[in-house]
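Residue numbering for the sequence shown follows the UniProt record's numbering, beginning at 1 and increasing consecutively.
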Amino acid sequence: MRQRPLTFFFLATALISVFLFYTGRLEIHSYPFGEGEEVTLEGTVSNLELSGSGYRILMNRIRNGDQASPGLKPAAFPENMTLLLYPKAQKPLKIGNRIQVTGTVQYPSRASNPGQFDQKSYEEAKGISFHLYQAEIQILSDRVDLPGQILFSIRSYCYGILKRLATEEEAGVMGAMLLGERSGLEDEQKMLFQTGGISHILAISGLHISLLGKLFYQFLRKCRLSYGISALLAGALMLFYLALTGFGVSAKRAVLMFFLFLLAEYLGRTYDMLSALSLSGSLILLEDPRMLFQCSFQLSFLSVAAVGILFPLLKKGDALDNLRSGLSVFLVTTPCVLYWFFEVAPYGLLLNLLVIPLMPFLFLPGLFGLIAGSIFLPAGVLIFAPVHYLLKLFNGLCELAGNLAGSRLVLGQPSLPEIFLYYALLILACAGKKRCFLMVPLILMLFRGELFVSSVPSVTFLDVGQGDGIFLSLPGARILIDGGSTTENEVGRYRILPYLKSQGVQKLDFVFLSHMDEDHVGGVAELLSMGAEGIHIRHLVMTPAAFGEEKGAKIRNTAEQKGVKVSSFSDGSALRGKNWTLTCLYPGKTPKEEGSNENSMVLFLEIEGETFLFPGDLEGEGEDILRANGKIQDLDVLKVAHHGSANSTSQSFLAWTSPKLSILSYGKGNRYGHPAGELLERLREAKSRILSTAEEGAVTVWMEEEGMKATGYLKDREESGG
């Protein structure tokens with residue numbers, strides 16, 4: 001490292017970035033608008049982003065409009081503040097236009113469950129303060145930012161050509177690969193490539209830049225142009241390409257390193273990859289320290305560092321060096337991949353042996369086919385032909401890998417101490433040049449579940465909006481009770497599944513459905529319908545009444561088609577494990593006629609001397625029947641029934657159960673008015689501690705020697721600075 005002083009410079013900028021982050025100096029300015037408030041603002045269109053329905057609008061240089069928030073001074077808006085607009089109707093805007101917009105304020109949501117995508121952090125890293133929905137736009141000035149508008153027009157035109165050259169699916173892949181345009185990339189395609197371990201080819205990075213930039217530079221040199229002219233022209237081309245593709249962080253890193261390569265060529269000096277990596281990283285962090293905490297930055301830099309540091313230790317100069325190069329990247333990036341995605345694709349090592357050498361035959365025909373197609377479409381179609389077959393090959397390889405045992409190792413999200421330990425061991429192995437020890441940190445990470453993850457029993461009440469989702473981590477069993485929402489779209493894919501994966505859960509032993517309302521079963525139905533990216537469910541348990549309902553029959557059929565065992569629970573049914581029992585207290589085998597809520601399955605958990613009651617949406621007569629059961633006196637934890645409706649959890653029921661802790665699961669601002677004020681008053685009178693998923697995020701209750709503990713995910717994140 002002493003021979004590479006730029007490495008110290010990079011480490012210094014990284015440490016400064018960490019300091020700025022954890023002291024709150026990187027937080028975006030807060031603004032005096034309420035969620036859902038209608039405001040009128042003026043600003044300049046700074047960028048247009050393609051979307052499925054047209055485009056999204058980025059706006060900066062903002063000040064108050066004429067009609068709203070009259071008390072707000074223009075000085076309250078920093079120069080670099082950016083808004084994201086979703087127009088009510090598409091309008092022919094151009095970058096640089098001065099506009100007035102009236103719309104509804106919405107702030108990016110914070111992740112409220114472990115594993116959930118954090119929209120707030122993602123938007124802040126892009127400099128976006130908040131969104132305006134249903135925005136009505138009035139153009140105040142038709143001034144145009146010519147460079148920005150030209151780039152947007154070229155990108156839009158090129159994407160349109162791709163759609164004419166290929167199928168919708170292929171255009172989505174090639175749009176991401178050639179233009180950095182991911183709006184047409186389908187989730188299923190991304191997941192397929194992720195399962196195969198080749199999703200990196202979708203990001204514009206060193207692979208793409210070296211193919212295009214170095215090829216053009218070498219072409220110019222063969223045309224007998226001088227080093228200086230060749231470097232100048234190749235650098236200008238790559239700068240244009242970087243701007244065209246949106247200045248993505250991995251592309252920016254690759255282009256900066258390419259510039260340093262050109263400089264070394266011009267000066268006749270040796271190009272040092274690690275020094276170039278360090279300087280490019282420092283420049284990116286000096287521009288925006290928040291980039292250090294982005295997945296794309298971390299994976300991009302770790303991958304290159306692996307090739308520059310670890311691969312030379314493994315390299316032997318034989319036919320297996322390509323595999324060793326891939327293994328180097330796998331070893332170095334595994335903790336980062338697990339931190340962001342909770343799983344690794346081990347077959348990616350083998351797939352990349354074939355995919356990476358074939359990339360020139362995909363990227364270059366795609367690029368030249370696009371250029372030719374913009375001039376003469378039939379010529380473009382001809383040149384583009386190899387793309388169809390290679391994408392089919394890549395898809396087929398990923399599907400094959402996905403069908404093999406162990407194609408996805410769901411290991412959960414490692415903690416920061418675990419990550420530091422991993423890299424410390426890896427650095428020690430590299431420093432000692434001991435190849436045999438290089439696999440030790442990887443083995444520890446792969447078996448972290450057995451070595452490090454706590455086996456303390458816990459119950460987590462997920463924040464699913466207006467709905468229920470409860471995960472039980474018990475000795476020898478992983479159990480989900482309900483999983484649905486009426487306010488969150490695809491709650492199974494975007495909340496329940498990420499949570500389970502973040503905890504290292506690859507299969508659920510039991511899933512209990514209290515009743516068939518959408519806010520209890522919708523997410524579970526999603527999990528059952530998923531392919532290889534989902535969670536394996538071994539056993540689905542419903543009430544006797546659910547078997548006679550249309551939705552219950554549909555869920556049962558889906559489950560049985562997936563090889564899931566389906567059975568029913570009624571009063572007296574029970575599961576037993578080490579130091580725990582989960583008993584069904586209600587309903588009986590004969591369904592009630594009153595409706596779905598009155599047939600809710602009620603489960604009672606006893607574990608290590610603590611008691612939990614999960615009553616679904618039970619109200620009224622059902623509660624009276626439960627009171628006859630002596631088990632539920634003096635509860636430790638009550639999951640408040642029916643999201644805190646006025647008719648649930650009566651005073652007499654609370655007097656009988658006396659819960660120490662009451663958990664409410666509901667969506668903020670829901671149309672039902674949950675939780676009811678009178679219900680909250682009853683809980684306070686019962687002297688029960690109240691926690692809600694709407695305010696606390698996911699609420700986890702766990703057992704320790706000194707007793708039961710409970711905490712909310714949002715509170716934990718605030719205290720840790722996350």
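No residue lacks a Cβ here, since even glycine has one placed at the ideal position from N, Cα and C.
*Where does Val464 fall in DSSP's three states?*
Taking the first residue of the sequence shown as 1, we reach residue 464 at position 464. Val464 falls in the coil class under three-state DSSP.
*Do you know how far the Cα of Tyr422 is from the Cα of Ala429?*
As a position in the sequence shown, residue 429 is number 429, starting the count at 1. As a position in the sequence shown, residue 422 is number 422, starting the count at 1. Near 11 angstroms, if we compare the C-alpha coordinates of Tyr422 and Ala429.
_Tell me the residue span of the alpha helix (DSSP H) that contains Thr7._
Numbered from its first residue, the sequence shown carries residue 7 at position 7. Pro5 to Tyr22 is the extent of the alpha helix (DSSP H) around Thr7.
*Range covered by the alpha helix (DSSP H) that runs through Tyr271*: To locate residue 271, count along the sequence shown from 1; it is residue 271. Careful: Tyr271 lies outside any alpha helix (DSSP H) and carries neither H nor E.
*What did DSSP end up calling Ile356 once you bin it into helix, strand or coil?*
Here residue 356 refers to the residue found at position 356 when the sequence shown is read from its first residue. Three-state DSSP puts Ile356 in a helix.
*Measure how close the beta-carbons of Ser652 and Leu635 come, nearest whole angstrom, since I'm counting them as under 8 angstroms.*
Within the sequence shown, numbered from 1, the residue matching residue 652 stands at position 652. Within the sequence shown, numbered from 1, the residue matching residue 635 stands at position 635. 14 angstroms between Cβ atoms; not a contact.
*Under the DSSP definition of a beta bridge, which residues are partnered with Phe216?*
By one-based count along the sequence shown, residue 216 stands at place 216. Phe216 is not bridged to any residue.
_Spatial neighbours of Leu513 within its chain, please: C-beta separation below 6 angstroms, excluding the five flanking residues on both sides._
Indexing the sequence shown from 1 puts residue 513 at position 513. Taken in chain order, the residues that qualify are Val521 and Met542.
_DSSP three-state assignment for Phe33, whether helix, strand or coil_ = Along the sequence shown, read from residue 1 onward, the residue named residue 33 stands at position 33. Correct three-state label for Phe33: coil.
*When the Cα of Ala525 is compared with those of Lys554, Pro498 and Phe510, which residue comes out closest?*
Taking the first residue of the sequence shown as 1, we reach residue 525 at position 525. Among Lys554, Pro498 and Phe510, the Cα nearest to that of Ala525 belongs to Lys554.
*Return yes when the Cβ of Gly563 is within less than 8 angstroms of the Cβ of Gly523, no when it is not.*
Translated into the one-based positions of the sequence shown, residue 523 becomes position 523. Translated into the one-based positions of the sequence shown, residue 563 becomes position 563. Against a cut-off of 8 angstroms, the Cβ pair of Gly563 and Gly523 comes out as no contact.
*From which residue to which residue does the alpha helix (DSSP H) around Leu528 run?*
Taking the sequence shown and counting its residues from 1, one reaches residue 528 at position 528. Note, Leu528: alpha helix (DSSP H), Glu518 to Ser529.
*Shortest alpha-carbon distance to Val640 belongs to which of Lys631, Ala628, Glu623 and Leu390?*
Within the sequence shown, numbered from 1, the residue matching residue 640 stands at position 640. Among Lys631, Ala628, Glu623 and Leu390, the Cα nearest to that of Val640 is on Glu623.
*Find the nearest neighbour of Arg478 within the set Ile496, Val332 and Val505, judged by alpha-carbon distance.*
If you number the sequence shown from 1, residue 478 lands on position 478. It is Val505.
*Which partner residues of Val701 appear in the DSSP bridge assignment?*
As a first step, residue 701 is located in the sequence shown; it is residue number 701 there, counting from the start. Answer is Val459 and Ala710, bridged to Val701.
*With 16 as the cutoff for other CB atoms within 10 Å, does Pro675 come out buried or exposed?*
Translated into positions along the sequence shown, residue 675 becomes position 675. Flag for Pro675 reads buried.
_Cβ-based neighbour list, Pro335, same chain, cut-off 8 angstroms, excluding 5 preceding and 5 following_ = Your numbering for residue 335 matches position 335 in the sequence shown. Taken in chain order, the residues that qualify are Pro414, Glu418, Ile419, Tyr422, Tyr423 and Met445.
*Who does Thr487 pair with in a DSSP beta bridge?*
As a first step, residue 487 is located in the sequence shown; it is residue number 487 there, counting from the start. In DSSP, Thr487 forms no bridge with anything.
*Mind listing, in chain order, the continuous alpha helix (DSSP H) runs of no fewer than 4 residues lying wholly within the segment 575-645?*
621-627
*If you draw a straight line from the C-alpha of Leu442 to the C-alpha of Ser328, how long is it?*
For the purposes of this step, residue 442 is identified with residue 442 of the sequence shown, where counting begins at 1. For the purposes of this step, residue 328 is identified with residue 328 of the sequence shown, where counting begins at 1. Distance between the alpha carbons of Leu442 and Ser328 is about 11 angstroms.
*Distance between Glu124 and Gly24 (C-alpha atoms, nearest Å)*: Residue numbering aside, residue 24 sits at position 24 when the sequence shown is read from its first letter. Residue numbering aside, residue 124 sits at position 124 when the sequence shown is read from its first letter. When rounded, the distance between both Cα atoms is 13 angstroms.
*Taking only runs that begin and end inside the segment 374-419, name each unbroken alpha helix (DSSP H) of 4 or more residues, in chain order.*
377-402
*Given Thr487, which residues of its chain have a CB within under 7 angstroms of its CB, disregarding the five upstream and five downstream residues?*
Numbered from 1 along the sequence shown, position 487 holds the residue referred to as residue 487. The answer, listed in chain order, is Gly465, Gln466, Gly667 and Asn670.
*Beta-carbon contacts of Val249 that lie in its chain and below 6 angstroms, excluding the five residues immediately before and after*: As a first step, residue 249 is located in the sequence shown; it is residue number 249 there, counting from the start. For Val249, where only same-chain residues beyond five positions count, the Cβ hits under 6 angstroms are Met291, Ser296 and Phe297.
_If we define contact as Cβ-Cβ less than 8 angstroms, is Ser112 a contact residue for chain D?_
Annotation note: the requested chain D is absent from the structure, which comprises a single protein chain.
*With Gly531 and Ala345 assumed to form a contact (beta carbons below 8 angstroms), what rounded beta-carbon distance in angstroms separates them?*
Residue numbering aside, residue 531 sits at position 531 when the sequence shown is read from its first letter. Residue numbering aside, residue 345 sits at position 345 when the sequence shown is read from its first letter. The pair is not a contact, with the Cβ atoms about 15 angstroms apart (cut-off 8 angstroms).
*Inter-residue spacing [alpha-carbon to alpha-carbon] between Val456 and Arg164*: Position 456 of the sequence shown, counted from the start, is the residue given in the question as residue 456. Position 164 of the sequence shown, counted from the start, is the residue given in the question as residue 164. Near 56 angstroms, if we compare the C-alpha coordinates of Arg164 and Val456.
_For Lys507: DSSP bridge partner residues_ = Taking the sequence shown and counting its residues from 1, the one referred to as residue 507 is at position 507. DSSP output for Lys507 lists His536 as bridge partner(s).
*Buried or exposed: which applies to Cys223, given that a residue is buried once 16 or more other Cβ atoms fall within 10 Å of its Cβ?*
As a working note, residue 223 is residue 223 in the sequence shown. Exposed, since its Cβ has fewer than 16 Cβ neighbours within 10 Å.
_Using a 10 Å radius around the Cβ and a threshold of 16 neighbouring Cβ atoms, would you call Arg684 buried or exposed?_
Within the sequence shown, numbered from 1, the residue matching residue 684 stands at position 684. Answer is exposed; the Cβ neighbour count stays below 16.
*Grab me the residues of Glu678's own chain with a C-beta within less than 6 angstroms of its C-beta, minus the 5 sequence neighbours each way, in chain order.*
For the purposes of this step, residue 678 is identified with residue 678 of the sequence shown, where counting begins at 1. Hits under 6 angstroms: Ala646.
_Suppose contacts are defined by Cβ-Cβ distances below 8 angstroms. Is Leu242 in contact with Leu370 by that definition?_
For this step, residue 242 is matched to residue 242 along the sequence shown. For this step, residue 370 is matched to residue 370 along the sequence shown. No, these two residues do not count as a Cβ contact at 8 angstroms.
*Thinking just about the alpha-carbon of each residue, which of Asp288, Leu397, Glu681 and Lys316 is nearest to the one in Leu20?*
Within the sequence shown, numbered from 1, the residue matching residue 20 stands at position 20. Ranking Asp288, Leu397, Glu681 and Lys316 by Cα distance to Leu20 puts Asp288 first.
*Which full runs of the alpha helix (DSSP H) of 4+ residues lie inside the segment 69-131, going along the chain?*
119-125
*Excluding five sequence neighbours on each side, which residues of the same chain lie with their C-beta closer than 7 angstroms to the C-beta of Ala12?*
Along the sequence shown, read from residue 1 onward, the residue named residue 12 stands at position 12. Answer for Ala12: no residue qualifies.
*Assigned secondary structure, Arg290 (DSSP; H/G/I helix, E/B strand, else coil)*: Residue mapping note: residue 290 aligns to position 290 of the sequence shown, counting from 1. Arg290 falls in the helix class under three-state DSSP.
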